[in-house]
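For the sequence shown, our numbering assigns the number 614 to the initial residue and increments by one for each residue that follows. Here a beta-carbon is modelled for each residue, glycine too, at the ideal position from N, C-alpha and C. Take a look at the structure set out below.
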Amino acid sequence: MNKPKIKVGFCVAYDWLLLKNSIPRIYANADEICLSIDKNRTSWSGKKYDFDEADFRNFITQIDKNNKIKIYEDTFYNPEKSPIENDNFQRNKMAAFMGKGGWHVQIDSDEYFLDFNGFVQYLHHFNINSKAFNVCVNYVSLIKKTESGYLCTQNNNDRYEYMPMATNVPEYSNARRNGHFNIQSPFFAIHETWARSDDELWNKMNSWGHSNDFNKESYYKLWQSLDANNAKYIHDFHPIVAPVWQQLQYVEANQISEVLDYFTKKKPHIKAKKLFFTNSRIIQRIKSIFK
């Protein structure tokens, strides 16, 4: 019996250069790859962004040796909608472009799988024709690049931030989130979320799907003050759901490849007992009754 196709979609925008880190880590194990881009080069919040068309096309030509990549251009910004509504719209349109069937995996440009081959094998253990559900991946988020290293999230007691990445029914109502049951996988991705230059982060904060959901000016000033010495005093740092960035740790590294090597060797993990209770529909249904 043929295994379901692995269809990988990326929402591409101002930070497309990060695809040079993310696509190589998934290319061999993906059957189809879609890069969706606003044809007017406009973000979800309506900001026009610079985009090196020649460099982008050259990168695709160089990496796409097996003709897996399709570029989907459309208008994804609607001034009458909020940034998160435009985010949802692009993700749903990209899913429709890739067509029904198979596993739909949506990855952002700044997310780098530590073991995508293992994640794909994990997906193939599920019955894709069962009731709609998502399969989530855990994050180690990079918060700031310093002169000699990176400030990264550190979560205790298996309280990792995780995000729906794959689904058997691609429907998106809050970025990649929806009403489907979430299965937390044991797999990890490095999320280069806030580890940008000052200008790049400010641009991201103003272009992000959640750009209207927090005080950007205050949060940005706090981020600017972070360094390897004071990071240990920072707790609950996520701008939308504070506890998911529980603490910060410092990793000595000059470039992102060294960070990936560090966590590949360190092998962050979650206890099997925690995954069992999280992934049981029955247990989660009982917990929801007593909330």
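By the Cβ test, the region 886–896 is not in contact with the region 785–792, since fewer than three Cβ pairs between them sit closer than 8 Å. Here Tyr775 is near Cys749, since their CB atoms are less than 9 Å apart.
If you ignore the 5 residues before and after Met818, its C-beta comes within less than 7 Å of the C-beta of Ser824, Lys829 and Tyr833, all in its own chain and listed in chain order. Ser831 and Ala885 have their C-alpha atoms some 39 Å from each other. Relative to Leu888, the option among Leu630, Glu813 and Asn751 whose CA is nearest is Asn751. Shown here for Trp716: same chain residues with a beta carbon closer than 6 Å to its own, the five before and five after excluded, namely Pro617, Ile619, Leu736 and Ala779 in chain order.
Taking a cut-off of 8 Å on C-beta distances, the region 740–748 does not touch the region 656–676, as fewer than three cross pairs fall below it. The beta carbon of Ala708 lies closer than 6 Å to those of His717 and Pro783 in the same chain, with the five residues before and after it left out. Just measuring C-alpha positions, the residue of Thr674, Glu693 and Tyr690 sitting nearest Ile684 is Thr674.
The C-alpha of Asn730 lies about 26 Å from the C-alpha of Asn769. In this structure, the straight-line span from the alpha carbon of Gln797 to that of Ile902 is close to 21 Å. Between Ser722 and Trp629 a beta carbon distance of about 6 Å is seen, short of the 8 Å cut, so the two are scored as contacting.
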